[in-house]
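To start, the structure under review is shown below, and the notes come after it.
Numbering (my numbering), first residue to last: 187 to 908.
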């Protein structure tokens, strides 16, 4: 009898002790169902000790803290919760769904942190989760399937990007707010960035020169990489992916973090045998065999609560190999180096000072195969930026951003500038900008900004803008008026290039900067699991620089001359719909209409597509032990319009004649299917699997080559997270 009483007493005491354990319970706000496998991070305020937990199948974790702490709870498809909690305290948290990432923080539109749903500048965001779910390899993979109007064709010069009639020269590509340089034709190589290391991609259409200077006329694409100070004390991943044409990508990441110091190292190697869409010319491929290597290191050190230092450096190499039947005795090798850092000074909650330095270098080499692979530098492009910004909030309703910026540009080429001794050209520009962001009458927010630029090639320039947002209830109305500009490139100014005796390219030192006047009006409506936005815009580009073709009858050679001769008018509409038609299902549809006309000829800008659209359907189950997602993505476009005119000299009369050429490629659609599943083996080991097919219906454009795609390609992938 005594033994039975003792046993009952022990069980009772144990039950009381277990019941007294402080617990955190995480529930869905809409239905009060538990959210299992949510990430819960605790950080003690005084001791700075961190704890990482994952909720159980009942949505519960124990409270491990010994003192007052900050708690952050995150889960895919929900708004992140941040709160404070004491030791021995139990709490229940209700998480609100955010299937369309409306609570995502963005920075590109205003250079300040804004919640997407409250940003006065209409911004499109592609998150790291979407990159993973769609099986994207590079940023461009994601852009194609999330933004209607995007066209690109890869070649040895990089990714020839075009957005609604405007090419690379009018689209500013940033990495963490810094310009991404490309080869001497202005093309950037998006393959430099592995999707594994991208946190999110932010896209702002229209003129943004007030904040970002030259080239920000058609769009700004800001690729934001993952921050090393948000990782666990130690985290490592390794992943691989294989698809048709012996295409293999292997990447790895290692991160270390504590209260003061953090370090993140990542690298990847990719290779492909290339492919050919023109079998009648087997000596040259559409995309050559190539091998890429990349490595990057980030370091961060928090001196105290006011000062934070971050530095980084990266290396990327892209090597092209000729086809087996090629008669060439040389091949290309491209290299990129990036180095930079920033100092953050955060003296109080109302002010943030940031000093940034960044240098991006592009080298292009010719490798002579019959000279023991001797290497010759063909071109060198360097772009360095020094930026000082001060963000100040004097009152809750007003945010002021000001800054100064110095940009140095240098280009060396052994061929582009003729036979002169001076094969190197350089320029610089100095900028001062100011932006005021003011909220008033509760539902209104207005932004006014101006930039002053002094450029060595065209002198002084003033660029203003004004934006306003009205937010009645579930609606958002945004209006935007802005000027933009594009400085003539060093190539356009100084070209004197003989293209293998086929034609000559001549620059023009008297070129003026191109000026854009951009206006837009958008409406957005959001209600729980439904979001729709419509944006109409007009973009007038004056003094547009064009390459004019002339036939030199005496030399019997085609000549291309750069001149400020045209005016472009771009008008269009963009619309996006996001909804959840069924449980665990998300559908996103985008449509764009683009009328991109050269006013001097009344022709469409070369390569423009009038109609384009994107479609995404995602079935996702997250609240299970092994979360999975199935994605169907599609992009469609009307035929690309190849319209141009040539000026030729009549050999009989000696007078110039204008000939107009109009061609159109066929309409197309390309679809992609992706399956993802995650297996959590134990707390410190997770395995993610990937399988899918690109170009499901095997579409190929063998005739016009307006779309560079080799057809259906199956792929598989594996990622291990420690």
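Ideal Cβ positions, reconstructed from N, Cα and C, are used throughout, including at glycine.
In this text, all values refer to a predicted model and were calculated from it rather than measured experimentally.
query	result
Test item: CB-CB of residue 568 and residue 595 under 9 Å	yes
CA nearest to the CA of residue 312, picked from 267, 252, 358, 408	408
Rounded C-alpha distance that separates residue 590 from residue 885	49 Å
Close beta carbons around residue 847, own chain, < 6 Å, minus the five adjacent residues each side	830
Sequence-distant residues of its chain with Cβ nearer than 8 Å to residue 203 (five each side left out)	A caution first: residue 203 carries a pLDDT of 43, below 50, which makes its placement in the model unreliable, though a value can still be read off. The answer is none, since no qualifying residue turns up.
Rounded C-alpha distance that separates residue 649 from residue 588	14 Å
Whole runs of the alpha helix (DSSP H) within the stretch 631-713, excluding any shorter than 4 residues	676-680
C-beta contact flag for residue 826 and residue 337 at 9 Å	yes
Residue 830 at chain C interface by Cβ criterion, 9 Å	Absence of chain C from the displayed structure is noted, only one protein chain being present.
C-beta contact flag for residue 585 and residue 622 at 9 Å	yes
Cα-Cα separation between residue 455 and residue 377, rounded to whole angstroms	11 Å
Residue ranges of each beta strand (DSSP E) within the stretch 571-613, 3 or longer	584-599
Beta-carbon spacing of residue 285, residue 766 below 9 Å	yes
Cβ separation of residue 304 and residue 389, assumed to be a contact under 8 Å, to the nearest whole Å	Between residue 389 and residue 304 the Cβ distance is about 18 Å, and since that is not below 8 Å, they are no contact.
Alpha helix (DSSP H) segments (min. 4 residues) lying fully within the stretch 373-438	395-398
Residue 537 - DSSP class collapsed to helix/strand/coil	strand
Top-ranked residue by Cα proximity to residue 458, from 537, 656, 473, 862	473
Contacting residues, own chain, Cβ-Cβ under 8 Å from residue 252 (five flanking each side not counted)	230, 233, 235, 273
From 699, 666, 461, residue whose alpha carbon lies closest to that of residue 400	699
Same chain only: Cβ atoms within 6 Å of residue 728, ignoring 5 sequence neighbours per side	701, 753
Cβ neighbour criterion (16 or more within 10 Å) applied to residue 612	exposed
Start-to-end residues for the alpha helix (DSSP H) that takes in residue 326	325-332
Other residues of its chain near residue 488: CB distance less than 7 Å, five sequence neighbours each side excluded	446, 494
Unbroken stretches of the beta strand (DSSP E), 3 residues or longer, contained in the stretch 736-800	743-765, 771-784
Three CB pairs or more closer than 8 Å across the stretch 778-793 and the stretch 809-821	no
Residue range of the beta strand (DSSP E) that includes residue 314	It is not in any beta strand (DSSP E) - residue 314 instead sits in the alpha helix (DSSP H) that spans 314-319.
Candidates 210, 863, 240, 307, of which the one nearest residue 719 by Cα	307
Integer-rounded CB distance, given that residue 270 should sit under 8 Å from residue 256	6 Å
Meets three-Cβ-pair contact criterion under 8 Å: the stretch 868-878 and the stretch 849-857	no
Assumed close pair residue 526, residue 501 - CB separation to whole angstroms, cut-off 8 Å	Actually they do not touch by this definition, with Cβ atoms about 13 Å apart.
Residue interval of the beta strand (DSSP E) (run including residue 237)	236-240
Among 249, 523, 563, 651, nearest to residue 552 - alpha-carbon criterion	563
Sufficient close CB pairs (3 or more, under 8 Å) joining the stretch 473-486 to the stretch 434-453	yes
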